[in-house]
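Note sheet for the following structure.
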Amino acid sequence: MVHAIKAGLLIDGQGGDPIEDAVLLIEGNTITTAGPAASINIPAGAKITDAAGKTMMPGLIDVHVHVTSMSVDLEQRLNTPKAVSYYHAANNLKRTLNAGFTTVRDAGGADAGIRHALEIGLISGPRLVVSGSIGHTGGLMEMRFPSGAQIVDDAAWRICDGVDDVRKTVRMALREGVDFIKIFATGGIVAPQGSPFIAEWSPSELAVIVEEAKRHGAGVMVHAESADGIKNALRAGVTSIEHGNVLDQEAIDLFLDTGTFLVPTLHFPKVLSDKRDRLNLSEASKKKGRQLAEAEKGWFRRACEAGVKIALGTDAFIAELHGRNGVELSLMMEKGGLSAMEVIVAGTKNAAACCLLAEQLGTLEAGKLADLLLVTGNPLDDIAILQNPERITVYKDGALVQ
Ligand SMILES: [Zn+2]
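What follows is the structure in C-alpha cells.
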C-alpha cells in the first residue's frame, strides 16, 4: 500500500530551498516521489498522514559514535564485562534513534554482531555502520603505559607494522564483517604515548590500508588531529578525517582536491573541556590538551569557508552524549559559521556519503529508503529544535518508530 505524508515544509537534504506544502509517497520501505503537493497525485486508497504543521526532513546521520562506550575513565572501562557493554549499546542505540538519528557509524567498540542484532530486530536502533580499528607499535591504539604494563585485546586493539603485516591485519578486521577500517594518523591526548602533533603510519602503510579496504568495498575513517597526519591520510585516499583540529592551507587544498569529508566532532571535546578538572587525566595528557586547544583556533571555520565537505559526527563516547547527537548541529553553526541548511546537509546527504550509503540514504527523493523525520516547528529558524526528541517523529524503513 502507498503511504502519503503531507507536510507543511519539506527539507529534502540536498541543500536547496525548502518546499512549502509538500507530499512524499512511500511504497514498502522506499520513497517513490517527493515534492510540492500540487505536482503529486496521491493514489486512491493510499494511507494518508497529515503533518501540515510540521517539517519533513531526512533522518539524521551521525558518522562518529561509540555506542558501547559510557565513560572515558580507563578503570571503569576495564571493569565493564563485554556483555554489559552490549546492553549499554542497546540502550544507547534506542536513545539515538528516538533523537532522530536513523543511521550511525561506530568509530570503535561496536562489532558486526550488534549490527546483526539490529537487522533481525532483536534490538531497536538506527542503521549501524561498524568499523574495525588497527594501529601500530607506539601509536595511539597501543595501550602501553609508562610502568611497562600493556593492555592486550587482539580483537579490539590490533597492532601491526610494515606493509605485509598491515595488509594481513586489515584483512583480519574485514573478515569480521566491518564496513570501515578505523586508523589513527596522529596520536591523541588521552593515550600515554604519542601526541596529536606526531603523525602515525608511513605513506606505504597508509596506501596498503586504503587499497585493501577499497578492494573489499569498505571505507577508511581516520582519527587525525594535526596537519602532517591529516595530509598523509588525504594523499592516501581515505574516506573521512575525524576531528581534524589543526590544519594548514595545504591540508585544506587537499580536502578540496580529493572531496574527502571532514568530521569535526565538536560535541565530545566541549563536554570534556567543561569537566576537565574532574577527569582523571595525567599531567602529560592535560598538557597535550592545552597545546591542541591553542593550535586549533579558527581552523574549522576556515575549512568551512573554503568549502571543505563537512559530515556530522559527535564522537559520543560517554553516557550523557548518546541521544544528544543533535547538539552537534548547533555547534557546527556556532564554530564553523555554517547556516542551518548547511549543517542539516552535513547531517544528512554528506553524512550518508561519508558512510558510503549515498545511493540509499541522506535525501528524500525517489528510490531512497524512507528514513525520515516529522519535526514540530522549522529547524531552519531554530536548529535547537532538533535537540528535542519530543518534537521529532521518526520513520525508519517507511515504518513509524514507536
Ligand atoms: Zn571517537
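Heads up, the sequence shown is in the numbering used here, so the first residue is 859 and it goes up one at a time.
Glycine residues also receive a C-beta, built at the ideal position from the N, C-alpha and C atoms.
Predicted model only: the values in this text are computed from it and were never measured.
Please classify Pro894: is it buried, with 16 or more other beta-carbons within 10 angstroms of its beta-carbon, or exposed? exposed
Express the C-alpha separation of Asp1106 and Ile802 in angstroms, rounding to a whole number. No answer is possible for residue 802: the residues shown for the chain start at 859 and end at 1260.
So, for Ala1057: in the same chain, excluding its five sequence neighbours on each side, which residues have a beta-carbon less than 7 Å away from its beta-carbon? Ala1043, Thr1044, Asp1086, Gly1087, Asn1090
Measure the beta-carbon distance from Thr960 to Val1252 and round it to whole angstroms, keeping in mind my assumption that it falls under 8 Å. 7 Å
Which same chain residues, not among the five before or five after Arg953, have their C-beta less than 7 Å away from its C-beta? His1180, Gly1181
By C-beta, the residues closer than 5 Å to any heavy atom of ligand 1, given in chain order: Ala965, Asp1173
Member of Ile1047, Thr1206, Val1066 whose CA lies at the smallest distance from the CA of Pro1127: Ile1047
Where does Ala892 sit, in a helix, a strand or coil, going by DSSP? strand
Inter-residue Cα distance where the pair is Leu1196 and Ala1242: Computed Cα separation, rounded: 14 Å.
For Ala963, count neighbouring Cβ atoms within 10 angstroms of its own Cβ and tell me buried if that reaches 16, exposed if not. Here residue 963 is Arg; the residue named in the question, Ala, does not match the sequence. By the 10 Å Cβ count, Arg963 comes out buried.
Quick check on this structure: which residue in Ala1049, Gly979, Cys1212 has the alpha carbon closest to the alpha carbon of Met1001? Ala1049
Can you list, in chain order, the residues of its chain with a C-beta nearer than 8 Å to that of His1125? Leave out the 5 residues immediately preceding and following it. Thr1172, Asp1173, Ala1174, Leu1179, Arg1182, Asn1183, Val1185, Glu1186, Leu1189
Looking only at its own chain, which residues have a Cβ that is under 8 Å from the Cβ of Gly1117, when we skip the five neighbours before and after it? Lys1167
Mapping DSSP to helix, strand and coil, what is Ile1264? Look at the range of the chain in this structure, 859 to 1260, and you will see that residue 1264 is not part of it.
Cβ neighbour criterion (16 or more within 10 Å) applied to Gly1205: buried
Spatial distance of Leu932 from Lys912 (CA atoms): 44 Å
Residue burial classification, His920 (beta-carbon count within 10 angstroms, cutoff 16): For the record, residue 920 in the displayed sequence is Asp; it is not His. The C-beta of Asp920 has 16 or more other C-beta atoms within 10 Å across all chains shown, which makes the residue buried.
Among Glu885, Val1096, Gly873, Gly866, nearest to Ala1224 - alpha-carbon criterion: Glu885
If I measure Cβ to Cβ from Pro1004 and keep anything under 8 Å in the same chain, skipping five residues before and after, which residues do I get? Pro1050
With the cut-off set at 8 Å, would you say Ile1110 and Arg1160 are in Cβ contact? Yes, the Cβ-Cβ distance between Ile1110 and Arg1160 is below 8 Å.
Going by C-alpha to C-alpha distance, which of Gly871, Ala970, Ala1076 sits closest to Ala1209? Gly871
Could you spell out the range, first to last residue, of the alpha helix (DSSP H) harbouring Gly971? Gly971 -> alpha helix (DSSP H) spans 970-977.
Under the three-state DSSP convention, the category Phe1119 falls into: strand
So what's Glu1058 in DSSP terms, helix, strand or just coil? Residue state, collapsed to three classes: coil.
With 16 other CB atoms within 10 Å as the buried threshold, where does Arg1016 fall? buried
Let's see if you can read the secondary structure: which residues bound the beta strand (DSSP E) around Glu1178? Run containing Glu1178: none; DSSP gives neither H nor E here.
Residue range of the beta strand (DSSP E) that Asp879 falls in? 877-885
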